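Numbering (our numbering), first residue to last: 9 to 140.
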């Protein structure tokens, strides 16, 4: 994690230099503000990663002699199949279509979105995947 912290801190200094250069050269306030905000975000992430790296054990990416397989292992549990993202995508498509066409279409999209959210949250509380 130490290398990621250093990378973000160096990135934040680069963004700060570009923000100053862009602000002086273009005299455009919106882009300059956006670059300064990007600097703030990058320095926050870099500080968090550097601060956290002191409290956790050294990982494989911190070792210059490490192999790719040293960090291999279980990444987590992922659902093997689920229809809930599809229902959320359909509901989201109707919601964006409601913004483009007319707001009454939102009444049809909200129940589909809510069904998808509740189905995804409670997917492992019922049915064949109940004991996983």
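For glycine and all other residues, C-beta sits at the position ideal for the given N, C-alpha and C. All values reported here derive from a predicted model rather than from experimental measurement.
DSSP state of residue 88 mapped onto helix, strand, coil: DSSP places residue 88 in the coil class of the three-state scheme, outside both helix and strand.
Alpha helix (DSSP H) runs wholly inside the segment 71 to 127, at least 4 long, in chain order: 92 to 108
Measuring alpha carbon to alpha carbon, tell me which of 51, 82 and 126 ends up nearest residue 15. 51
Collapsed DSSP secondary structure at residue 66 in the structure displayed: Of the three classes helix, strand and coil, the one that applies to residue 66 here is coil, per DSSP.
Let me check understanding here. Comparing Cα to Cα, which of 131, 42 and 31 lies closest to residue 88? 131
If you reduce the DSSP assignment to three classes, tell me which class residue 131 lands in. Correct three-state label for residue 131: helix.
Could you check which residue in 68, 73, 72 and 92 has the C-alpha nearest to that of residue 81? 68
Same chain, Cβ closer than 7 Å to residue 23, neighbours up to 5 away in sequence not counted: 43, 46, 47 and 50
Using the Cα positions of residue 95 and residue 114, report the straight-line distance between them to the nearest angstrom. 15 Å
Kindly indicate which residue of 125, 66, 119 and 112 has the alpha-carbon position closest to the one of residue 12. Nearest of 125, 66, 119 and 112 to residue 12, Cα basis: 66.
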